Structures are given as structure tokens and as C-alpha cells.
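Numbering (the UniProt record's numbering), first residue to last: 1 to 190. Single-structure report; data block below.
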Ligand code: 5GP
């Protein structure tokens, strides 16, 4: 394999995309590696630097923007920046693996527009905004304000779903995991 594929999973937070991405990463036949993003937000819960994210300062983030090190970056929430380094994609391709991304909708669509032939862009659709709210509150790793910020953004993000290559409905997690597995398996065998 010269260059691997890019599997983008985007959705409002609380849609279950992270669970689906983790499930796919656990399937050895898919040969996937997680794209670790840079972020300026604080680590949450058990998150580990260099595994879940590269947690960096705003100064470092700015340096990467200036040096054009990012494939894409976004201020996903006010003062919280997230970005994918070109070096991260190259690192994974050098391992002979496909890259899987858990990124926001704008970032996901940007990757698709930069690498149209290599990318499968998947939108994970939650059952409803109420269900999103319930899941975010259950996760309870964040303040009420931050949860409300995520919910406000969700409606805008849901409207972008038709721009993706495909939509997975996450109404039943086991069904969604299986749908995702089949989609990825099919895409990487092309
Ligand atoms: P969280 O703070 O919940 O980990 O992530 C917030 C949002 O930022 C999620 O939708 C997540 O997928 C997205 N995100 C994570 N990494 C990146 C990235 O590198 N670029 C973009 N555009 N979004 C990202």
C-alpha cells in the first residue's frame, strides 16, 4: 500500500461517533490507526496526551497554523481549537495503515475536499437533539454551560449531513457499529 485511505467520522458530540470509531479500531482486519488531533482544550477524565489528543497550548497551536502544519483546523467551540497535523496522517500512512478520524463536521468536509479520492466521509446521526442532551448529561464530565454550548452547535451540524458520502443512523449502537464496519470494509477493499 503506498497511501492508505482516510475514514472520516463526523457528528455532533454525543452522537456516539467516538464509540463507533473505537469499535472499528478494535477490528484488526480493517488495519486502522487513529488520527490523534491537537487541541487547546484541557484533558477530560482519563484522557492521555499522545493517545486521545496532543494537548498543546494556544501558542503552540498558533505556531502550527503559521507553519502550515495542519491539514485542517477549527475553533470547534469558543477558545477551543482542534486540528489535524499533516505529520499525523503521514505517520499513519508510513505504518502502512488507513487513517480514521473523529473530527467535527467542518473538519471532516475539509479533509474530504483535500483528498476526495482517498476519503470516505461518514456522518453519524443521533436519534434526536433530546437524546443528544441526555447522553451529554449522562457523560457528566463537563459543566452545564459547556453541555449547552455543544447542544446549540448540534443543530447546525445536523444540517450538514447531506454533504457527507454516507450517513449512519445511531439509533441502536450495535446496528450502527455493524453498519460502520461494513462500510469501512467495503471502502478499503476498493
Ligand atoms: P471533544 O472536545 O468532545 O473531544 O471534541 C469536540 C469536537 O471536536 C468533536 O466533534 C471532535 O470530533 C472534534 N475534533 C476533534 N479533533 C478534531 C480535529 O482535529 N479537527 C476538527 N476540525 N475537529 C476535531
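Don't be surprised by glycine CBs; every beta carbon is placed ideally from N, CA and C. The structure presented is a predicted model; accordingly, all values stated were derived computationally and were not measured.
- The DSSP-derived three-state label of residue 148 is helix.
- Residue range 173 to 188 is occupied by the alpha helix (DSSP H) that includes residue 174.
- The beta-bridge partner set that DSSP reports for residue 102 consists of 9.
- In this structure residue 28 is exposed. Its beta-carbon is surrounded by fewer than 16 other beta-carbon atoms within 10 angstroms.
- Rounded to the nearest angstrom, the gap between the Cα atoms of residue 168 and residue 126 is 9 Å.
- Collapsing the DSSP output to three states places residue 121 in a strand.
- DSSP places residue 61 in the helix class (H, G or I) of the three-state scheme.
- Cβ neighbours of residue 56 within its own chain (closer than 7 Å, five residues either side excluded): 38 and 40.
- The beta carbon of residue 72 is closer than 7 Å to those of 83, 84, 107, 110 and 111 in its chain, skipping five residues each way along the sequence.
- If you ignore the 5 residues before and after residue 101, its C-beta comes within less than 6 Å of the C-beta of 8 and 35, all in its own chain and listed in chain order.
- Taking the Cα of residue 17 as reference, the smallest distance to any Cα among 190, 141 and 174 is reached at 174.
- Residue 158 is not a Cβ neighbour of residue 14, given a cutoff of 8 Å.
- Residue pairing for residue 168: DSSP places it in a beta bridge opposite 124.
- In the DSSP assignment, residue 24 falls outside any beta strand (DSSP E) and lies within the alpha helix (DSSP H) extending over 17 to 25.
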